[in-house]
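Visitor: Would you mind keeping the following structure in view while I ask a few things?
There are 2 protein chains.
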Amino acid sequence: MYFIGIDLGGTNLRGGAVTMDGHITHSAIKPTHAQQGVEHVIHNLKACIDELIASQNPSPLLGIGIGCPGIIEIKSGVIHTSPNLPGWNDVPLKQIIEEHFRVPVYIENDANTIAYGEKWYGAGRTVSSLICLTLGTGVGGGIILDGKIWHGCMGMAGEVGHMTIIYDGITCNCGNRGCLEAYASASALVKRTLELLNEGHKSTLSHICGKGEEVTAEIIYKAAKENDALSRRILHDIGIYLGIGIATLINLLNPEMIVIGGGMSHSWDMFYPSMVEEIRKRAFDIPVKSAQIVRAQLGDNAGIIGAVALISHALPT
Amino acid sequence: MYFIGIDLGGTNLRGGAVTMDGHITHSAIKPTHAQQGVEHVIHNLKACIDELIASQNPSPLLGIGIGCPGIIEIKSGVIHTSPNLPGWNDVPLKQIIEEHFRVPVYIENDANTIAYGEKWYGAGRTVSSLICLTLGTGVGGGIILDGKIWHGCMGMAGEVGHMTIIYDGITCNCGNRGCLEAYASASALVKRTLELLNEGHKSTLSHICGKGEEVTAEIIYKAAKENDALSRRILHDIGIYLGIGIATLINLLNPEMIVIGGGMSHSWDMFYPSMVEEIRKRAFDIPVKSAQIVRAQLGDNAGIIGAVALISHALPT
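Quick look at the structure:
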């Protein structure tokens, strides 16, 4: 007996066959080919699921969980729109996959799926309330209260990346100014670094830039580890911005845990000290002391494992 | 059959005998005399409840709900600390009142009580999730999700007044900088007005100041209504600050409703336009459109009625 979890991203479609206790026994990855439209993506999705089923034969498949970006009507499993899946308007994905594979299917927003994965199989196993921040291209978020995802009335809750932290700050991709995402995503890190390099600040990264190589969050972290002052300063500042946002989250929701994942979380040791200092400065003592602030544990598999947790919990016991 | 609701404030102790459907049939108000210590306040509280019971004789009292400021362990009804009730450390108020009056008692943080009152008997009757902001001396808040107060793991959730809206802004009473409370409370309104008057800004209020009279939120609102440009500008700005904070709340929690109460909400018409404009500018379209933004309906009685809703819902049906 096993479940299938799918992380349906704009670039890749990642899937896993997962045991009842959250272990991935087989994984599959395919390009999403999102630009080729709905039919093609669904074709690729089915092929990915077929591969996973074949890998587990003859063990019975119990259900499929799918996390994907966008606005989803959870109960019906209809994807209203998705920023990374062009042409996806009101696609009844749950129905399509259920009719094809004849097992129960659960569809969820990908940031919520990651948070749910961390709650049930990752960093948050021992707590019932947590807020998960995924620091990647953007800053995604999921709010888990009493063990369940808080969706809000339109399924749009958890946009921690779009808290205003600096009211007259940088313009964010969402159109607002001063969002956390504009300061603490991997993209923001790279953008800020390039700006400062262009302004002529000294850094070992200048060499990379000069050679026309791409500066990535990983390269900046590596430079920081090797004591590059500019890289260290930028990551230190990101800690401050994260701290401002997390302090607000703690004062508002008094969660048991804040979980930080995504690519940027690899730089944890560089932004953690300033982040925690800022949180302590800004939030009330009692909720700060009661909030564990930890790194995500499931890495790139959080989406797959979270999708499985969602479908397995949705089934009658 | 009736309930008693108590709003135990630092200055006054207000109580009401309330019917099953949320109508106050008799009210009582007594000074709290908080400075005289725990014993004295409890004595006054009992006297207030006695008066309310006498007013309803021989109808049976079903339970007592009490809202008060501070950090409360809800289940045991112990008040750990209270900023407005000096000396209240670990007072088992629920037990004391239950043993004296022999009816079930429910103790809750006052800002949560107000939010709960608005949910069950006020502006929020038709919704299941709302966030209530009470703009008074401070900015209090209560978060209602699925019809219930979200307490957080230490009962400290809902501190909407202490969201950071301007990271390097005014120092707040809590020690943090740039909290919503430092910009959008009645105290902030008065403080800002006096600052601008002292800087020599023209206003019809200068006259009041010159005579040594106290400038209050009410007087500033009155001046704004009479077209005083300075007062209008300050209230307009408060709308912007509220809008920044509320946009973050909407992006995070996607609630069905935002309820605004407290003394400052009397200036609603002066801050509403800039507040709504700012919210629309900052928050995502779908959650903004689905969030009703309304004035509180229960006024000064929200605390009493909310306390009753809490005790009546806590009883077995």
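As you go down the protein sequences, you meet chains D and H in turn.
According to this note's numbering, the first sequence is numbered sequentially starting from 138.
According to this note's numbering, the second sequence is numbered sequentially starting from 138.
In this text, a Cβ means the ideal position worked out from N, Cα and C, and glycines have one as well.
Does the distance from the CB of H/G275 to the CB of H/E318 come in under 8 Å?
Guide: Against the second sequence, residue 275 of chain H aligns to sequence position 138. Against the second sequence, residue 318 of chain H aligns to sequence position 181. Cβ distance < 8 Å, so H/G275 and H/E318 count as in contact.
Visitor: Please report the distance separating the alpha-carbon of H/V352 from that of H/S343.
Guide: Counting from 1 along the second sequence, the entry for residue 352 of chain H is found at position 215. Counting from 1 along the second sequence, the entry for residue 343 of chain H is found at position 206. Each residue's alpha carbon lies about 10 Å from the other.
Visitor: Let's test the definition: count the other Cβ atoms within 10 Å of the Cβ of D/N226 and tell me whether it reaches 16, buried, or not, exposed.
Guide: Within the first sequence, residue 226 of chain D is the residue found at index 89, counting from 1. D/N226 comes out exposed.
Visitor: When DSSP labels each residue in this structure, what does H/A165 get in the three-state scheme?
Guide: Taking the second sequence and counting its residues from 1, one reaches residue 165 of chain H at position 28. Three-state DSSP puts H/A165 in a strand.
Visitor: Provide the residue span of the beta strand (DSSP E) that contains H/M157, from first to last.
Guide: Taking the second sequence and counting its residues from 1, one reaches residue 157 of chain H at position 20. It is not in any beta strand (DSSP E) - H/M157 carries neither H nor E in the DSSP assignment.
Visitor: Does the beta-carbon distance from D/K167 to D/L145 come in below 8 Å?
Guide: Locating residue 167 of chain D in the first sequence gives position 30, where the first residue counts as 1. Locating residue 145 of chain D in the first sequence gives position 8, where the first residue counts as 1. Cβ atoms of D/K167 and D/L145: not closer than 8 Å.
Visitor: Assess, as a yes-or-no matter, whether the stretch 267–274 of chain H is touched by the stretch 378–395 of chain H under the definition of 3 or more beta carbon pairs within less than 8 Å.
Guide: These segments touch.
Visitor: Compare the Cα-Cα distances from H/F140 to each of H/S192, H/H170, H/A171, H/E176 and report the closest residue.
Guide: Translated into the one-based positions of the second sequence, residue 140 of chain H becomes position 3. The residue with the shortest Cα to Cα distance from H/F140 is H/S192.
Visitor: Secondary structure at D/Q173, three-state DSSP: helix, strand or coil?
Guide: As a position in the first sequence, residue 173 of chain D is number 36, starting the count at 1. Helix at D/Q173.
Visitor: In the stretch 404–423 of chain H, which residues sit with their C-beta less than 8 Å from some C-beta in chain D, listed in chain order?
Guide: Hits within the stretch, in order: K418, R419, A420, F421, I423.
Visitor: Would you say the stretch 199–216 of chain D touches the stretch 244–262 of chain D, given that touching needs at least three Cβ pairs under 8 Å?
Guide: In short, these stretches touch, since the Cβ pair count reaches three.
Visitor: Rounding to the nearest angstrom, what Cα-Cα distance links D/G295 and D/W287 in this structure?
Guide: The residue given as residue 295 of chain D occupies position 158 in the first sequence. The residue given as residue 287 of chain D occupies position 150 in the first sequence. Roughly 8 Å between the two C-alpha positions.
Visitor: I'd like to know whether the C-beta of D/H450 is nearer than 8 Å to at least one C-beta of chain H.
Guide: The sequence position of residue 450 of chain D within the first sequence is 313, counting from 1. By this cut-off, D/H450 is not an interface position.
Visitor: Would you decide whether D/T308 is buried or exposed? Buried here means 16 or more other CB atoms lie within 10 Å of its CB.
Guide: Residue numbering aside, residue 308 of chain D sits at position 171 when the first sequence is read from its first letter. Classification for D/T308: exposed.
Visitor: Is the stretch 407–424 of chain D in contact with the stretch 329–337 of chain H, if contact means three or more CB pairs nearer than 8 Å?
Guide: Touching, no, given that fewer than three Cβ pairs across the two stretches are closer than 8 Å.
Visitor: Are any of the Cβ atoms in chain H nearer than 8 Å to that of D/N313?
Guide: Here the question's residue 313 of chain D lines up with position 176 in the first sequence. Interface residue, yes.
Visitor: Measuring alpha carbon to alpha carbon, tell me which of D/M291, D/M293, D/G292, D/G312 ends up nearest D/T301.
Guide: On the first sequence, residue 301 of chain D is found 164 positions in, with the first residue counted as 1. Of the listed residues, the one whose Cα sits closest to D/T301 is D/G312.
Visitor: Could you name the residues of chain H that D/A252 contacts, counting a contact when the two beta carbons are closer than 9 Å?
Guide: By 1-based counting over the first sequence, the position of residue 252 of chain D is 115. Under the 9 Å cutoff, chain H gives no residues; its nearest Cβ is about 13 Å from D/A252.
Visitor: Which residues of chain H have a Cβ atom closer than 7 Å to the Cβ of D/C290, listed in chain order?
Guide: Walking along the first sequence from the start, residue 290 of chain D turns up at place 153. In chain order: S266, N391, P392, E393, S427.
Visitor: Could you tell me which residues DSSP puts in a beta bridge with H/I286?
Guide: Residue mapping note: residue 286 of chain H aligns to position 149 of the second sequence, counting from 1. Answer is H/I281.
Visitor: If the criterion is Cβ atoms closer than 8 Å, does the pair D/G279 and D/I303 meet it?
Guide: Position 142 of the first sequence, counted from the start, is the residue given in the question as residue 279 of chain D. Position 166 of the first sequence, counted from the start, is the residue given in the question as residue 303 of chain D. Not closer than 8 Å, so no.
Visitor: Note down, in chain order, each residue of its chain lying with its Cβ closer than 8 Å to the Cβ of D/H217, except the 5 sequence neighbours on either side.
Guide: Against the first sequence, residue 217 of chain D aligns to sequence position 80. Once the five neighbours on either side are set aside, the close Cβ partners of D/H217 are G207, I208, I209, E210, N226, D227.
Visitor: Could you tell me which residues DSSP pairs with H/G200 in its beta bridges?
Guide: Mapped onto the second sequence, residue 200 of chain H falls at position 63. For H/G200, which the question treats as bridged, DSSP gives the partners H/F140.
Visitor: Output needed for H/K339: all residues of its chain with C-beta closer than 8 Å, excluding positions within five of it in sequence on either side, in chain order.
Guide: The sequence position of residue 339 of chain H within the second sequence is 202, counting from 1. Closer than 8 Å at Cβ, skipping near neighbours: A366, L367.
Visitor: When you compare only the Cα positions, how much space is there between H/H475 and H/Y409?
Guide: With chain H covering 138 to 454 only, the question about residue 475 of chain H has no answer from this structure.
Visitor: So with CB distances below 8 Å, who are the chain H contacts of D/I430?
Guide: As a first step, residue 430 of chain D is located in the first sequence; it is residue number 293 there, counting from the start. Going along chain H, no residue has its Cβ under 8 Å from D/I430, so there is no contact; the nearest lies around 14 Å.
Visitor: Is there at least one Cβ from chain H nearer than 8 Å to D/Y304's Cβ?
Guide: Looking up residue 304 of chain D in the first sequence gives position 167. Output row for D/Y304: interface = yes.
Visitor: Return the residue from the list D/P220, D/P223, D/I203, D/Y258 that minimises the CA-CA distance to D/I234.
Guide: The count along the first sequence starts at 1 and reaches residue 234 of chain D at position 97. Minimum Cα distance to D/I234 is reached at D/I203.
Visitor: I'd like to know whether the C-beta atoms of D/G443 and D/G254 end up nearer to each other than 8 Å.
Guide: The count along the first sequence starts at 1 and reaches residue 443 of chain D at position 306. The count along the first sequence starts at 1 and reaches residue 254 of chain D at position 117. It is a contact, given that the beta carbons lie within the stated cut-off.
Visitor: Going along chain H in order, which residues have a C-beta closer than 9 Å to the C-beta of D/H299?
Guide: Your numbering for residue 299 of chain D matches position 162 in the first sequence. Those within 9 Å of D/H299 in chain H are A384, T385, N388, L389, R419, A420, F421.
Visitor: Alpha carbon to alpha carbon, how far is H/T148 from H/N221?
Guide: What you label residue 148 of chain H is simply residue 11 of the second sequence in a count that begins at 1. What you label residue 221 of chain H is simply residue 84 of the second sequence in a count that begins at 1. About 8 Å.
Visitor: What do you get for D/K231, buried or exposed, if any count of 16 or more other CB atoms within 10 angstroms of its CB means buried?
Guide: As a working mapping, residue 231 of chain D is identified with position 94 in the first sequence. With 16 or more Cβ atoms within 10 Å of its Cβ, D/K231 is classed as buried.
Visitor: According to the neighbour-count rule (16 or more other Cβ atoms, all chains shown, within 10 Å of its Cβ), is D/R239 buried or exposed?
Guide: Here residue 239 of chain D refers to the residue found at position 102 when the first sequence is read from its first residue. It counts as exposed.
Visitor: Please go through the same chain and pick out, in chain order, the residues whose beta-carbon is closer than 6 Å to the beta-carbon of H/L199, but skip the five residues on each side of it.
Guide: By 1-based counting over the second sequence, the position of residue 199 of chain H is 62. These residues qualify, in order along the chain: M138, F140.
Visitor: Could you name the residues of the same chain whose beta carbon sits closer than 6 Å to that of D/G376, not counting the 5 residues immediately before and after it, in chain order?
Guide: The residue you call residue 376 of chain D lines up with position 239 of the first sequence. Cβ neighbours of D/G376 beyond the five flanking positions: F408, S411, M412.
Visitor: Indicate the three-state DSSP secondary structure (helix, strand or coil) for D/R262 in the structure shown.
Guide: Working through the first sequence from its first residue, we reach residue 262 of chain D at position 125. D/R262 falls in the coil class under three-state DSSP.
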